[in-house]
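Chemist:
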Amino acid sequence: MFHIYRKNAISEEGLKSLLPHFALTDEQEEAEGILVRSADMHEEKLGAATLAVARAGAGVNNIPLERFAEEGVVVFNTPGANANSVKELVLCGLLLAARNVLPAVEWLREKQGEADIAKVAEQGKKQFVGTEIRGKKLGVIGLGAIGAEVANAAVALGMEVYGYDPYLSVNGAWRITKEARHATSLEELCKQCDYITIHVPLTDKNPGMIGEKEIAAMKEGVVFLNFSRDKLVDEQAMGRALESGKVRLYVTDFANPLSMTFPQAIVTPHLGASTEEAEDHCAVMAVKELMDYLDNGNIRNS
Ligand code: MLT
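Using the numbering used here, the letters of the sequence shown map in sequence onto residues 544 to 845.
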């Protein structure tokens, strides 16, 4: 019988129903399979029994891939399993940005207790005029599962979508509607778009891939959304661009000491995949990958 160690975030109850002929263990050293969500494993020394690690999520930057490969440990992830949830939050970010929802709510809260609320509301209505997203240009950097879902949803909402993915091949392409255009370069995408959203995995080659040069190519007053990883963006450069007004708003799902200081930012605590549905889908897919490997030697999404 194989043993599974549950590192974090996957409910024990859910696991028991999925793992009828596996035993859950509290001893990581004796587990052949490890399930992990976002805990950082770089400092982790695996036990001799470990054969596979399944990451319930898309990004594998919390896993030392090379070292585990040298140790003969297979690593799985769950691409696409949380894509719908991330897409929904990206759309939420786009709409919050376009309609000035958060500053309006904050402004109105401060008016509490004023005698003539109707007059206050009239003033707010004028002060927080927004724009529609229909007809606006959205750049999607990275057209994997999440980027493709975002691109298609934005097209359905009437946006003009420019996708860019240097690694996109015909065979590897996710289903992107024909109505979305493919930008030939990151620079072209930056020049064209009113909103830009990034959906690429963080690797050791791309920290800061959105930096001074890319920001300089962007339109004045662009809105930039980051639901991938904060390190993909040079946030020092982003801070300067927010200060000058070059970037009107930075919507980021990553709270860190710097992003928390930006006045023109909507910062959320990595909520992209934090839905009941996404957590279930990722956990189920990760467990199935582990079982299939340990039982049958099959490798999927490695
Ligand atoms: C992912 O990589 O799948 C997302 O960042 C979600 C998460 O890990 O919580």
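For glycine and all other residues, C-beta sits at the position ideal for the given N, C-alpha and C.
Assign THR804 to one of two classes, buried (16 or more other C-beta atoms within 10 Å of its C-beta) or exposed (fewer than that).
Modeler: Taking the sequence shown and counting its residues from 1, the one referred to as residue 804 is at position 261. Exposed.
Chemist: For ARG598, tell me which candidate among GLU613, GLY590, VAL617, GLU609 has the shortest Cα-Cα distance.
Modeler: Counting from one through the sequence shown, the residue named residue 598 turns up at place 55. Of the candidates GLU613, GLY590, VAL617, GLU609, the one whose C-alpha sits nearest the C-alpha of ARG598 is VAL617.
Chemist: I believe PRO750 touches GLY687 by the beta-carbon criterion, under 8 Å. Please report the beta-carbon distance rounded to the nearest angstrom.
Modeler: Counting from 1 along the sequence shown, the entry for residue 750 is found at position 207. Counting from 1 along the sequence shown, the entry for residue 687 is found at position 144. In fact, because the Cβ distance is near 18 Å, the residues do not count as touching under 8 Å.
Chemist: Closer than 5 Å between the C-beta and any heavy atom of the ligand ADP: which residues qualify, listed along the chain?
Modeler: Because the ligand ADP does not appear in the structure shown, any question about it cannot be addressed here, the ligands present being the ligand MLT.
Chemist: Can we say the stretch 583 to 592 touches the stretch 731 to 739, given the rule of at least three CB pairs closer than 8 Å?
Modeler: Judged by Cβ distances under 8 Å, the stretch 583 to 592 makes no contact with the stretch 731 to 739, as fewer than three pairs qualify.
Chemist: Have a look at SER771, GLU572, TYR793, GLU649 and flag the residue whose alpha-carbon is nearest the alpha-carbon of MET781.
Modeler: Along the sequence shown, read from residue 1 onward, the residue named residue 781 stands at position 238. Nearest C-alpha to MET781: TYR793.
Chemist: Buried or exposed for ASP838, please, with buried defined as at least 16 other CB atoms from any protein chain shown within 10 angstroms of its CB.
Modeler: Numbered from 1 along the sequence shown, position 295 holds the residue referred to as residue 838. So ASP838 counts as exposed.
Chemist: For the stretch 723 to 782, list the alpha helix (DSSP H) runs that are entirely contained and at least 4 residues long, ordered along the chain.
Modeler: Taking only runs of at least 4 residues, the alpha helix (DSSP H) segments lying wholly in the stretch 723 to 782 are 729 to 735, 755 to 760.
Chemist: In three-state terms, what does DSSP make of TYR548?
Modeler: The count along the sequence shown starts at 1 and reaches residue 548 at position 5. If DSSP states are grouped into helix, strand and coil, TYR548 belongs with the strands.
Chemist: Find the nearest neighbour of ASN625 within the set HIS824, ARG843, SER845, judged by alpha-carbon distance.
Modeler: Here residue 625 corresponds to residue number 82 of the sequence shown, with the count starting at 1. Nearest of HIS824, ARG843, SER845 to ASN625, Cα basis: HIS824.
Chemist: Below 8 Å between beta carbons: does that hold for ASN844 and PHE619?
Modeler: Position 301 of the sequence shown, counted from the first residue, corresponds to residue 844. Position 76 of the sequence shown, counted from the first residue, corresponds to residue 619. Contact: yes.
Chemist: Alpha carbon to alpha carbon, what distance is there between VAL579 and ALA699?
Modeler: Stepping through the sequence shown from its first residue, residue 699 is reached at position 156. Stepping through the sequence shown from its first residue, residue 579 is reached at position 36. Taking the straight line from one Cα to the other gives about 35 Å.
Chemist: Specify, as a first and last residue, the run of the alpha helix (DSSP H) that ALA699 falls within.
Modeler: Looking up residue 699 in the sequence shown gives position 156. 688 to 699 is the extent of the alpha helix (DSSP H) around ALA699.
Chemist: Tell me PHE611's beta-bridge partners as DSSP assigns them.
Modeler: Walking along the sequence shown from the start, residue 611 turns up at place 68. According to DSSP, PHE611 bridges with nothing at all.
Chemist: With a threshold of 6 Å on Cβ separation, who are the neighbours of GLU722 within its own chain once the five nearest residues in sequence on each side are excluded?
Modeler: Numbered from its first residue, the sequence shown carries residue 722 at position 179. Excluding residues within five positions, the ones whose Cβ falls inside 6 Å are VAL698.
Chemist: Between ARG772, LEU768, GLY685, which lies nearest to LEU785 when the distance is taken from Cα to Cα?
Modeler: Walking along the sequence shown from the start, residue 785 turns up at place 242. Nearest C-alpha to LEU785: LEU768.
Chemist: Thinking C-alpha only, which one of ALA696, LEU711, TYR710 is nearest VAL704?
Modeler: Residue mapping note: residue 704 aligns to position 161 of the sequence shown, counting from 1. For VAL704, the nearest C-alpha among the options comes from ALA696.
Chemist: Could you check what DSSP says for THR804 in three-state terms: helix, strand or coil?
Modeler: Within the sequence shown, numbered from 1, the residue matching residue 804 stands at position 261. Of the three classes helix, strand and coil, the one that applies to THR804 here is helix, per DSSP.
Chemist: Going by DSSP in three states, GLY715 sits in which element: helix, strand or coil?
Modeler: Taking the sequence shown and counting its residues from 1, the one referred to as residue 715 is at position 172. Any answer about GLY715 is weak, because its pLDDT of 47 lies below 50 and its placement is not dependable; what the coordinates show is given next. Coil, per DSSP.
Chemist: Output the residue ranges of the beta strand (DSSP E) runs that lie fully inside the stretch 577 to 611 and measure 3 residues or longer, sorted by chain position.
Modeler: Here the runs fully enclosed are 595 to 598.
Chemist: Can you tell me whether VAL765 is buried or exposed, with buried defined as 16 or more other CB within 10 angstroms of its CB?
Modeler: In the sequence shown, the residue the question calls residue 765 occupies position 222. Label assigned to VAL765: buried.
Chemist: One question on the structure: do ARG642 and GLY673 come within less than 8 Å of each other, judged by their Cβ atoms?
Modeler: As a first step, residue 642 must be located in the sequence shown, where it is residue number 99. As a first step, residue 673 must be located in the sequence shown, where it is residue number 130. Closer than 8 Å, so yes.
Chemist: Taking its Cβ as the centre, do 16 or more other Cβ atoms sit within 10 Å of ILE739, making it buried, or is it exposed?
Modeler: The sequence position of residue 739 within the sequence shown is 196, counting from 1. It is buried - the Cβ of ILE739 has at least 16 other Cβ atoms within 10 Å.
Chemist: Helix, strand or coil: how does DSSP classify GLU675 here?
Modeler: Position 132 of the sequence shown, counting from 1, holds the residue named residue 675. Coil at GLU675, not helix or strand.
Chemist: Looking at THR818: is its Cβ nearer than 8 Å to the Cβ of SER628?
Modeler: The count along the sequence shown starts at 1 and reaches residue 818 at position 275. The count along the sequence shown starts at 1 and reaches residue 628 at position 85. Result yes, Cβ atoms of THR818 and SER628 sit closer than 8 Å.
Chemist: Can you tell which of ASP737, GLY701, LEU729 has its C-alpha closest to the C-alpha of THR720?
Modeler: Start at 1 with the first residue of the sequence shown, and residue 720 comes out as number 177. It is GLY701 whose Cα lies nearest to the Cα of THR720.
Chemist: Closest to VAL743 by CA distance: which of GLU665, MET761, LEU711, ALA759 is it?
Modeler: Counted from its first residue, the sequence shown places residue 743 at position 200. Selected option, being the one with the closest Cα: LEU711.
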